[in-house]
Amino acid sequence: MPIIDHLFAIGPIRKAIWRLWYPFLTRRLHEEGVVFLNYAFETEPPLGIPLEPADEPHRACVQLYHHVGTQADLAGKNVLEVSCGHGGGASYLTRTLRPEKYTGLDLNPKGIEFCKKRHRVAGLDFIQGDAGNLPFPDHTFDAVINVEASHCYPDFPKFLSEVARVLRPGGHFLYADFRFSDGIPEWEKAIENIPLRQLKTRDIGPDVLRGMEKNSASSQALLDKKLPKFLHGLGRDFAGVTGSRVYNALRDGQLSYRSYCFQQA
Numbered sequence: 001m002p003i004i005d006h007l008f009a010i011g012p013i014r015k016a017i018w019r020l021w022y023p024f025l026t027r028r029l030h031e032e033g034v035v036f037l038n039y040a041f042e043t044e045p046p047l048g049i050p051l052e053p054a055d056e057p058h059r060a061c062v063q064l065y066h067h068v069g070t071q072a073d074l075a076g077k078n079v080l081e082v083s084c085g086h087g088g089g090a091s092y093l094t095r096t097l098r099p100e101k102y103t104g105l106d107l108n109p110k111g112i113e114f115c116k117k118r119h120r121v122a123g124l125d126f127i128q129g130d131a132g133n134l135p136f137p138d139h140t141f142d143a144v145i146n147v148e149a150s151h152c153y154p155d156f157p158k159f160l161s162e163v164a165r166v167l168r169p170g171g172h173f174l175y176a177d178f179r180f181s182d183g184i185p186e187w188e189k190a191i192e193n194i195p196l197r198q199l200k201t202r203d204i205g206p207d208v209l210r211g212m213e214k215n216s217a218s219s220q221a222l223l224d225k226k227l228p229k230f231l232h233g234l235g236r237d238f239a240g241v242t243g244s245r246v247y248n249a250l251r252d253g254q255l256s257y258r259s260y261c262f263q264q265a
């Protein structure tokens, strides 16, 4: 079985692999200032949102967060991002959408350590924790954000129940992720059973594909520089480099990438 299939395997094996993979990436990439670990997003015509100079090199990745985060008004709200990665999206949304408080949670302790050192923004904090067992009381947050991470979780329905538990009445769940074709029925069943009201959904596959193409050259250069050769194939899939298995699957309709907006009753 190819390494990429192991990464998208089901259950405890998946979680164990991700526990190793993400700290490894953090150790390899932190010196390069890599603050986004998600795929990218570009509309046609280009989205063209105004960005600060420091955000401009990350435009395509920023735009995915912008798309997801602007599905609801976050100004003055208490926001949780589950699986915040290296914190680039958390920093951008906190600075631009002006929540009162934004908490980034991630399973990767090395990633959280990196976030705390790199992103010093008023109202923004980071905590290590598990998406399947959120360390917060019921009805704590006005919004929960989850970008391109839930395919890693061994129990996706449990994660959804945790989201519903920590959301306040009227709160929003802003979500984007992908599944390969064989995992779509199970994904859709879990989403249908979520105890939240679905307000919006959108197939953003074409936008993500354009974003991948925009980032492909820089991602490949980074992989060549920071990963050992035996991991280059896996790295290309993880980064969505043009011609990788993930890129080809999205292009050929064998992978679906969607965004959603849900609301707590």
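Mapping of the sequence shown onto the UniProt record's numbering: position 186 corresponds to residue 186, and the numbering continues sequentially without gaps. Glycine is no exception: its CB is placed at the ideal position from the N, C-alpha and C atoms. It should be emphasised that the depicted structure is a prediction, and the values quoted were computed from it without experimental measurement.
Checklist entry - Exposed or buried, which one is A122 when buried takes at least 16 other CB atoms within 10 Å? => result Reading the sequence shown from its first residue, position 122 is the one you call residue 122. A122 comes out exposed.
Next on the checklist: For C261, list the residues DSSP reports as bridge partners.
Outcome noted: Working through the sequence shown from its first residue, we reach residue 261 at position 261. In DSSP, C261 forms a bridge with L174, K200.
Next on the checklist: Quick check: the segment 50–66 against the segment 243–254, are at least 3 beta-carbon pairs closer than 8 Å?
Outcome noted: No, because fewer than three Cβ pairs between the segment 243–254 and the segment 50–66 fall closer than 8 Å, the two stretches do not touch.
Next on the checklist: Short of 6 Å in beta carbon distance, which residues of its chain neighbour E81, apart from the five on each side in sequence? Order them along the chain.
Outcome noted: Here residue 81 refers to the residue found at position 81 when the sequence shown is read from its first residue. Cβ-Cβ distances below 6 Å link E81 to A90, G104, I145 in the same chain, with the five nearest sequence neighbours on each side left out; the list follows chain order.
Checklist entry - At what residues does the beta strand (DSSP E) containing K101 begin and finish? => result Mapped onto the sequence shown, residue 101 falls at position 101. Note, K101: beta strand (DSSP E), 101–106.
Next on the checklist: Just to check my reading of the structure: R258 and I204 have Cβ atoms closer than 8 Å, yes? What is that Cβ distance to the nearest angstrom?
Outcome noted: Within the sequence shown, the letter at position 258 stands for residue 258. Within the sequence shown, the letter at position 204 stands for residue 204. Yes, R258 and I204 are in contact; Cβ-Cβ is about 6 Å, under 8 Å.
Next on the checklist: Using CA atoms only, rank isn't needed, just tell me which of H67, G48, E44, Q71 is closest to Q198.
Outcome noted: The residue you call residue 198 lines up with position 198 of the sequence shown. Relative to Q198, the option among H67, G48, E44, Q71 whose CA is nearest is Q71.
Checklist entry - Is R179 helix, strand or coil by DSSP? => result Position 179 of the sequence shown, counting from 1, holds the residue named residue 179. If DSSP states are grouped into helix, strand and coil, R179 belongs with the strands.
Item to check | Own chain, CB closer than 8 Å to Q128, minus 5 neighbours either side, in chain order | outcome: Counting from one through the sequence shown, the residue named residue 128 turns up at place 128. Excluding sequence positions up to five before and after Q128, its CB lies within less than 8 Å of the CB of L105, D106, L107, N108, P109, I112, all in the same chain and listed in chain order.
Next on the checklist: Taking DSSP's pairing of strands, which residues face V147 in a bridge?
Outcome noted: On the sequence shown, position 147 is the one that residue 147 refers to. A176.
Next on the checklist: In the DSSP output, which residue or residues are listed as bridge partners for L167?
Outcome noted: Residue numbering aside, residue 167 sits at position 167 when the sequence shown is read from its first letter. Under DSSP, L167 forms a beta bridge with F141.
Checklist entry - Buried or exposed: I3, going by 16 or more other Cβ atoms within 10 Å of its Cβ? => result Working through the sequence shown from its first residue, we reach residue 3 at position 3. Per-residue confidence for I3 stands at a pLDDT of 39, beneath the threshold of 50, marking its modelled position as unreliable; the derived number appears in the next sentence. When all chains shown are included, I3 counts as exposed.
Checklist entry - When we look at the beta-carbon of P99 and count the other beta-carbons within 10 Å, is it buried (16 or more) or exposed? => result Here residue 99 refers to the residue found at position 99 of the sequence shown. P99 sits buried, since 16 or more C-beta atoms from the chains shown fall within 10 Å of its C-beta.
Checklist entry - Which value, in whole angstroms, describes the spacing of the CA atoms of G132 and K116? => result Indexing the sequence shown from 1 puts residue 132 at position 132. Indexing the sequence shown from 1 puts residue 116 at position 116. For G132 and K116, the distance between alpha carbons rounds to 22 Å.
Next on the checklist: According to DSSP, simplified to helix, strand and coil, what is I112?
Outcome noted: The residue labelled residue 112 in the question sits at position 112 within the sequence shown. In the three-state DSSP reduction, I112 falls in the helix class (H, G or I).
Item to check | I127 in three-state terms, based on DSSP | outcome: Indexing the sequence shown from 1 puts residue 127 at position 127. In the structure shown, I127 adopts extended strand secondary structure according to DSSP, grouped into three states.
Next on the checklist: For A75, which residues in the same chain have their Cβ closer than 6 Å to its Cβ, ignoring the five residues on either side in sequence?
Outcome noted: Here residue 75 refers to the residue found at position 75 of the sequence shown. Here the set comprises R98.
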